[in-house]
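Colleague: Numbering (our numbering), first residue to last: 15 to 431.
For glycine and all other residues, C-beta sits at the position ideal for the given N, C-alpha and C.
This structure is in structure tokens; I'll ask about it shortly.
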Amino acid sequence: MGPLPLNELAERFDTPLYVYDLQEVDRRCQAFHTAFRDVDFLLAYSVKANGNLAVLRRLASLGSGADIVSGGELHRCLAAGMPAERIYFAGVGKRRDEMVAGLEAGIGAFHVESAGELSLLGEVARASGATAPVGIRVNPDILSPTFHEYTRTGHAASKFGVPMDEARDLFRWAWKHPSLDLRGAVVHIGSQILDPAPYLNAQRSILQIVRDLKSEGIELEYADLGGGFGVGYQGDPGLDPGEVAALLLPELAPTGLRLLLEPGRSIVGEAGILLVRVLYVKRSGGKVFVVTDGGMTELLRPSHYGGFHRVEPVEEASDRPTEEVDVVGPVCESGDFLARERALPLPEPGEVLAVRTAGAYGFTMASNYNSRCRPAEVVVDGTRVHLARRRESLDDLIQGESIPDWPEQGTDPSSAS
Ligand SMILES: *Cc1c(COP(=O)(O)O)cnc(C)c1O
Numbered sequence: 015m016g017p018l019p020l021n022e023l024a025e026r027f028d029t030p031l032y033v034y035d036l037q038e039v040d041r042r043c044q045a046f047h048t049a050f051r052d053v054d055f056l057l058a059y060s061v062k063a064n065g066n067l068a069v070l071r072r073l074a075s076l077g078s079g080a081d082i083v084s085g086g087e088l089h090r091c092l093a094a095g096m097p098a099e100r101i102y103f104a105g106v107g108k109r110r111d112e113m114v115a116g117l118e119a120g121i122g123a124f125h126v127e128s129a130g131e132l133s134l135l136g137e138v139a140r141a142s143g144a145t146a147p148v149g150i151r152v153n154p155d156i157l158s159p160t161f162h163e164y165t166r167t168g169h170a171a172s173k174f175g176v177p178m179d180e181a182r183d184l185f186r187w188a189w190k191h192p193s194l195d196l197r198g199a200v201v202h203i204g205s206q207i208l209d210p211a212p213y214l215n216a217q218r219s220i221l222q223i224v225r226d227l228k229s230e231g232i233e234l235e236y237a238d239l240g241g242g243f244g245v246g247y248q249g250d251p252g253l254d255p256g257e258v259a260a261l262l263l264p265e266l267a268p269t270g271l272r273l274l275l276e277p278g279r280s281i282v283g284e285a286g287i288l289l290v291r292v293l294y295v296k297r298s299g300g301k302v303f304v305v306t307d308g309g310m311t312e313l314l315r316p317s318h319y320g321g322f323h324r325v326e327p328v329e330e331a332s333d334r335p336t337e338e339v340d341v342v343g344p345v346c347e348s349g350d351f352l353a354r355e356r357a358l359p360l361p362e363p364g365e366v367l368a369v370r371t372a373g374a375y376g377f378t379m380a381s382n383y384n385s386r387c388r389p390a391e392v393v394v395d396g397t398r399v400h401l402a403r404r405r406e407s408l409d410d411l412i413q414g415e416s417i418p419d420w421p422e423q424g425t426d427p428s429s430a431s
């Protein structure tokens, strides 16, 4: 991200605050389009990385589609003006009402992950007098080299996808079903992958299935190789789409298949910063704790996945002594931290810190735990700044709750008359 007036933004919108640089989103998108320009290509952005409407609108205007995992994400995409035919619905646990919503909207396809789901989708489509476009997600049993077991999805023992040996039967079944329109074969092997080789292995599994089916007269339109492109949390460049394209295209281009990719993190991760303000600097047990007004409720990755984020003062601080500190939040959990054992110019209360590479799986995983209001989100485009989501209010916190109007049965002695 370029030099943004971070201190000004923190002043104007208060902290904790998410800031997204839309021009960085443009550049990341463009890198994919350039890398894959020699094939018919759709970038189906993974909405769960960052579903802010302003971000989705920008992506739609860049020609992107969306990879969604819930009816809620479908609602977001449609509200942002994403054309329905570019929306692909993934996820192992789609409900009937979500299938109906996808059919009514006219989405690009449902990406089905089990025989049970395929059969329900066929039933729902028939009952609606519609034909459901379908892709089948296979599990290629590839152990993707990713940083945390929670981000591996392509090995046989994960809950995702249909095992290779069952997949062919499912494709045949879908092909014959009068209310299903079989379109694609899908794979998604994990997240934060920095090595291009697993993508080639995944593509080979998919192309083998495509060839086998073709020999039986079953023609697929697209191969979807999922997302997972890693970003540089340590300040490194991350996985280059060009490098992946160089590996994939020689075998893919001759098939004439359309290619879908579902990057999330690599489109928005680097474009986002979380701004937090230092409340206290506390020394305890030989450690230095920098207590900020943001923590696991704003950015869960450090405590959930052991995710690493660079943390830097937004003001020049090179004249200050560097100390090893833990940057922690105000939440009542020992697991509430943003960074641990990090050398940082010792900040002062009131100072703003930037948590880098926070645009993906940041706000989308934010919670109201400890009755904390979720932060505001701001988008920046050059010199233009827009509040894309206001900070939650105290009334937002209790909205939708109610107390039963039953006669009170309490034994509070002070209320006895
Ligand atoms: C989460 C997810 C993605 C995006 O993963 P990134 O690591 O953010 O690129 C893509 N496809 C599916 C099916 C997913 O569940």
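Between the C-alpha atoms of P177 and Y34, what's the straight-line distance to the nearest angstrom?
Modeller: Cα to Cα, the separation comes out at about 38 Å.
Colleague: Around the C-beta of L408, are 16 or more other C-beta atoms found within 10 angstroms, so that it is buried, or is it exposed?
Modeller: With fewer than 16 other Cβ atoms within 10 Å, it is exposed.
Colleague: Quick one: grab the DSSP three-state call for G256.
Modeller: Helix.
Colleague: Would DSSP call M15 helix, strand or coil?
Modeller: Because the pLDDT at M15 is just 46, under 50, the model does not fix this residue reliably, and the value given afterwards should be weighed accordingly. It is coil, neither helix nor strand.
Colleague: Ignoring anything shorter than 3 residues, give me the beta strand (DSSP E) runs that lie fully in the segment 105 to 134, in order along the chain.
Modeller: Fully enclosed beta strand (DSSP E) runs of 3 or longer: 123 to 126.
Colleague: Counting Cβ pairs, one atom from each stretch, are 3 or more of them under 8 Å apart for the segment 239 to 248 and the segment 20 to 29?
Modeller: With the cut-off at 8 Å, the segment 239 to 248 and the segment 20 to 29 do not touch.
Colleague: What are the partner residues of P147, as DSSP defines its beta bridges?
Modeller: According to DSSP, which records beta bridges pairwise, P147 is partnered with D195.
Colleague: For A390, does the three-state DSSP call read helix, strand or coil?
Modeller: In the structure shown, A390 sits in a strand (DSSP, three-state: E or B).
Colleague: Can you tell me which of G300, D254, C387 and Q423 puts its alpha carbon nearest to the alpha carbon of E406?
Modeller: That would be C387, whose Cα lies nearest to the Cα of E406.
Colleague: In the structure shown, what three-state DSSP assignment does E265 receive?
Modeller: Helix at E265.
Colleague: Can you tell me which of A123, V258, R71 and R279 puts its alpha carbon nearest to the alpha carbon of L234?
Modeller: Taking only the C-alpha atoms, the option nearest L234 is A123.
Colleague: In terms of residues, what are the limits of the alpha helix (DSSP H) holding P212?
Modeller: Its alpha helix (DSSP H) spans residues A211 to S229.
Colleague: Start and end of the alpha helix (DSSP H) containing Y319?
Modeller: Unbroken alpha helix (DSSP H) run through Y319: R315 to Y319.
Colleague: Apart from the five residues on each side of it in sequence, which residues of its chain come closer than 6 Å, Cβ to Cβ, to R279?
Modeller: A63, V245 and A374.
Colleague: Could you please give me the residues that DSSP links to N153 through a beta bridge?
Modeller: According to DSSP, which records beta bridges pairwise, N153 is partnered with P177.
Colleague: How would you call A260, buried or exposed, if buried means at least 16 neighbouring beta carbons within 10 angstroms?
Modeller: Exposed, since its Cβ has fewer than 16 Cβ neighbours within 10 Å.
Colleague: Taking C-beta to C-beta, are A237 and S193 nearer than 8 Å?
Modeller: No, the Cβ-Cβ distance between A237 and S193 is not below 8 Å.
Colleague: L196: which of W187, I203, V305 and G204 sits nearest, CA to CA?
Modeller: Among W187, I203, V305 and G204, the Cα nearest to that of L196 is on W187.
Colleague: Flag this pair as yes or no: are the beta carbons of N384 and V345 separated by less than 8 Å?
Modeller: Yes, the Cβ-Cβ distance between N384 and V345 is below 8 Å.
Colleague: Give the C-beta separation of A402 and V393 to the nearest angstrom, bearing in mind that I take them to be a contact with Cβ-Cβ under 8 Å.
Modeller: With 8 Å as the limit, A402 and V393 qualify as a contact, their Cβ atoms being about 5 Å apart.
Colleague: Could you check whether the Cβ of R279 sits closer than 7 Å to any heavy atom belonging to ligand 1?
Modeller: Because some heavy atom of ligand 1 lies under 7 Å away, the Cβ of R279 counts as near it: yes.
Colleague: Among T371, G300 and E329, which one has its Cα closest to the Cα of E338?
Modeller: E338 has its Cα closest to that of G300, out of T371, G300 and E329.
Colleague: What are the boundary residues of the beta strand (DSSP E) that includes E406?
Modeller: No beta strand (DSSP E) holds E406; DSSP gives it neither H nor E.
Colleague: Which whole-angstrom value is the C-beta distance of R72 and V39, which I expect to be below 8 Å?
Modeller: At roughly 6 Å, the Cβ-Cβ gap stays under 8 Å, so R72 and V39 are in contact.
Colleague: Can you tell me whether F243 sits near ligand 1, meaning its C-beta is under 7 Å from at least one heavy atom of the ligand?
Modeller: It does: the Cβ of F243 is within 7 Å (strictly closer) of some heavy atom of ligand 1.
Colleague: Which residue wins for smallest C-alpha separation from R247, given the options L262, G364, V369 and F174?
Modeller: A quick correction: the sequence has Tyr, not Arg, at residue 247. With distances taken between Cα atoms, Y247 lies closest to V369.
Colleague: Alpha carbon to alpha carbon, what distance is there between E365 and G286?
Modeller: Going from the Cα of G286 to the Cα of E365 covers about 19 Å.
Colleague: Would you say R334 and P363 are within 8 Å of each other, going by their C-beta atoms?
Modeller: Taking 8 Å as the Cβ cut-off, R334 and P363 do not qualify as a contacting pair.
Colleague: To the nearest angstrom, report how far apart T397 and L18 are at their CA atoms.
Modeller: About 9 Å.
Colleague: I'd like the list of long-range same chain contacts for L214, defined as Cβ closer than 7 Å, with 5 residues on each side in sequence excluded.
Modeller: Excluding residues within five positions, the ones whose Cβ falls inside 7 Å are L261 and L262.
Colleague: Just to check my reading of the structure: S84 and G116 have Cβ atoms closer than 8 Å, yes? What is that Cβ distance to the nearest angstrom?
Modeller: 10 Å between Cβ atoms; not a contact.
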